[in-house]
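The block underneath contains the structure these notes are about, expressed in structure tokens.
There are 2 protein chains.
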Amino acid sequence: MPEREQLNDWDHNGGMYNGADPQDEHRMKMRGKILRRSASFNVAHAVDDLEPGTGAQSIQRALSLLNLVGLIAGERGSGASLSEIASISGRPKASVHRMLQALIAMGYVERFEEGGYRLGVQSQILGQLAQKSVDPLVTESESSLLRLAELSQDTAFLTMRTGSYSICARREEGFGEILNNALSVGDRHPLGIGAGSLAILSELSPAEVDAQFDANAQLFTERYPKVSVTALRDIIDRARVDGFVHNPGLFAQGSWAVGVPLKIRGSRPRAALSIASIAERVTGPRVERLVALLRHEAKAIGEALSTQAEP
Amino acid sequence: MPEREQLNDWDHNGGMYNGADPQDEHRMKMRGKILRRSASFNVAHAVDDLEPGTGAQSIQRALSLLNLVGLIAGERGSGASLSEIASISGRPKASVHRMLQALIAMGYVERFEEGGYRLGVQSQILGQLAQKSVDPLVTESESSLLRLAELSQDTAFLTMRTGSYSICARREEGFGEILNNALSVGDRHPLGIGAGSLAILSELSPAEVDAQFDANAQLFTERYPKVSVTALRDIIDRARVDGFVHNPGLFAQGSWAVGVPLKIRGSRPRAALSIASIAERVTGPRVERLVALLRHEAKAIGEALSTQAEP
DNA sequence: TGAGCCGATCCATGATGTGGAACAGGACTC
DNA sequence: GAGTCCTGTTCCACATCATGGATCGGCTCA
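If you read the sequences in order, they're chains A and B. For the first sequence, position 99 matches number 456 in our numbering, and the numbering has no gaps at all. For the second sequence, position 259 matches number 616 in our numbering, and the numbering has no gaps at all.
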């Protein structure tokens, strides 16, 4: 933990955020103020409404809020205050308060005496239930990520697909002196942003890749205007041949990474392993070493899960 | 896992359910049809709205639904169908569908090709975030529960308080031939129902206990009409002296249990350990042995968490 | 004393979620 | 192949419900 602190003065923006969205102006202002770590940027994003007009606005808002509380409280040790949550989410305090009360009533959020809001027991339990029912991928990859982090001395990630998004499902840190902090557990980006995300795309058919990029076209131009979609397509094409993705700091300044897709027999591609670090550690011969590590673990996970196939 | 099956024909109702609530009639009818294990009964309960009129109806409904999906999908291996969920929750299909779509859009629920609805990656992640932010109690007690289950050859539980409810936060099974199936992870009951729940109450002041029973008075008469509150008060009073709760099958027929509160310095009492089994295994000298085991683990957990007190 | 923050509460407004009804598409049966 | 009985999905008029600006009480600090 203490090692983290020395990285606090990184360029958090990292060239990744260039929001033209007027809605985000307020959030941007709050960003530096509230959370010092780079995740603040991701936190802000995690709270957006997805597709509107589906007749479930309040649910989406409430779940975004739940996510947000988890991210904030997870990043720091303490809980999140009402005003913070309201500021970051960009909603009025009264609304946030009402929603939080509902979340508390359901046990998904808790608040110890005068402390901040944090996730509650129900959230914990939901995770346990999810482990049983969703798929054993996250559990299965746990030891792999630990090995990857230890052997590489960098940060290892499990990325999973949800619809047209990818989400950082797990993250393990090595004990190196440099810590890549561009991606935290729970961060969600449109498919194509991040090495793991690209690795997943490389396993989809070209038509599907097009469909994903089309679906997120607006998001891309609004939120990642500096990212060239054609460059991403190139990376994907190369990954189809090479079997791995190499991201030379495309998304966050100085954050380089390699990723490989997880191939599980009988299951659509929807997960990837990746390792991220600084440029110097993801170049030249080290790329091959990292890829070898990743491939080895990806193969192990793939085999473990393919055998116990769905009934 | 296969050992479980041989117990499927237990008396699921177990004398626990005596619902006079007219709203529940439909659910009762569905119960045996849909889920065979006793948890079906608890599933049905988990879906109730809590306090209405707080201006967050849809959130509560959506979260109940989320919980329900998790419980159903967790109980069996497969996912839950829309119609099932609609039937159990007692809401029209259209509404359930709309909510599920919202939950899917947010990644909390997933649905693989034509399969049923199950919890999604976001739920998984929420659990991870919760482990970091909520409190280390669940993680810390994991090994204790495993030891308890192994040493007792019965089923060990971690019960936690949420508001005026207690919830089964974790559960580990021994390899004995009899499996107590009256309580599953995620099951929620009003405080006072269950040995662990009573153990938590025994650490509260009499005034607080009264307040809790008052708060849940309606629930008790509606849902546990056979349970005498004065009997519960007696158990609590005895537990204050003895330091443990003994439940002689009060709630579910044949499900006896012992429980001890978890005392953590600097934290309000809100958790308990318990072991449940059949009557023959929770009587006479064995009670003391079980209590000794529980006390030992409770002490260990308490010390582990008291040292790393909140900042 | 009062400015500034915190979380909590009120309540008129209309946007929003609601759910009955109708639909499409399989899987079986007669 | 017309029948029933399941799925999951879409539509849309209705009014319930969430909304959020304004206000308040409590606390800390200058």
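All C-beta atoms, glycine included, are put in the ideal place defined by N, C-alpha and C.
- Classified as buried, Gln488/A has 16 or more neighbouring CB atoms from the shown chains inside 10 Å of its CB.
- With respect to the 9 Å criterion, Ala430/A and Ser490/B are classified as neighbours on the basis of their beta carbons.
- The way I'd put it, the stretch 450-459 of chain B doesn't touch the stretch 512-519 of chain A; fewer than three beta-carbon pairs between them come closer than 8 Å.
- Between Leu650/A and Leu505/A, the CB-CB gap stays under 9 Å.
- Taking Glu654/A as the centre and dropping the five residues before and after it, the same chain places the C-beta of Ser501, Arg504, Leu505 and Leu630 closer than 7 Å to its C-beta, in chain order.
- Taking a C-beta cut-off of 7 Å against chain A, the contacting residues of the stretch 490-519 of chain B are Ser490, Val491, Val495, Met517 and Thr519, listed in chain order.
- Close partners of Ala459/A in chain B (Cβ separation under 7 Å): Thr411, Ala413, Ile416 and Gln417.
- In this structure the stretch 579-594 of chain B does not touch the stretch 623-640 of chain B; the number of beta carbon pairs closer than 8 Å is below three.
- Residue-level contact check: Glu467/A touches chain B, since one or more beta carbons of chain B fall below 9 Å from its beta carbon.
- Two segments are said to touch when three or more pairs of C-beta atoms, one from each, lie closer than 8 Å; by this definition the stretch 541-554 of chain A touches the stretch 565-573 of chain A.
- Chain B has a Cβ within less than 9 Å of the Cβ of Gln485/A.
- Using a Cβ-Cβ cut-off of 9 Å, Ser554/A does not count as an interface residue toward chain B, since no Cβ of chain B sits closer than that to its own.
- In this structure, the beta-carbon distance from Gly484/A to Ser438/A does not fall below 9 Å.
- From the beta-carbon of Gln481/B, the residues of chain A found nearer than 8 Å are Gly484, Ala487, Gln488, Val491, Val495 and Ala526.
- Taking 8 Å as the upper bound for CB-CB distance, Ala526/B and Val478/A are in contact here, some 6 Å apart.
- DSSP places Gly616/B within a strand segment (E or B) once states are collapsed to three.
- Sequence-distant Cβ neighbours of Gly427/A in its own chain, meaning closer than 6 Å and more than five residues away, are Leu476.
- Contact annotation: Ile524/A and Asp544/A have beta-carbon atoms nearer than 9 Å.
- DSSP, read as helix, strand or coil, puts Ala539/A in coil.
- Annotated three-state conformation of Pro547/B is strand, per DSSP.
- Distance check between Tyr522/A and each of Arg528/A, Leu576/A, Glu467/A and Pro449/A places Leu576/A closest, using alpha-carbon atoms only.
- Residues of chain A with a Cβ closer than 8 Å to the Cβ of Gly464/B are, in chain order, Thr519, Gly520, Tyr522, Ile524 and Arg545.
- Contact with chain A is found for Val478/B, since one of that chain's Cβ atoms lies less than 9 Å from the residue's Cβ.
- DSSP, reduced to helix, strand and coil, places Met517/B within a strand of the structure shown.
- Burial of Val639/B is indicated by the presence of at least 16 other C-beta atoms within 10 angstroms of its C-beta.
- Using beta-carbon distances, Gly616/B does not count as an interface residue toward chain A, since no partner is under 9 Å.
- Under the 9 Å criterion on CB atoms, Gly549/B is classed as non-interfacial with respect to chain A.
- Burial check for Thr496/A: the Cβ neighbour count within 10 Å stays below 16, so the residue is exposed.
- Note on geometry: alpha-carbon atoms of Thr578/B and Gln610/B lie some 18 Å from one another.
- Nearest Cα to Gly434/A within the set Leu486/B, Leu619/B and Gly520/B: Leu486/B.
- Neighbourhood of Leu420/A in chain B, by CB distance below 7 Å: Met463 and Tyr465, in chain order.
- At a C-beta separation below 7 Å, Gly431/B has these neighbours in chain A: Leu486, Lys489 and Ser490.
- DSSP, reduced to helix, strand and coil, places Ser634/B within a strand of the structure shown.
- In its chain, beyond the 5 residues on either side, Ser559 have a beta carbon closer than 6 Å to the beta carbon of Arg597/B.
- Put simply, the CB of Gly611/B is far from chain A, with every gap to its CB atoms at 9 Å or more.
- Annotated three-state conformation of Asn604/A is strand, per DSSP.
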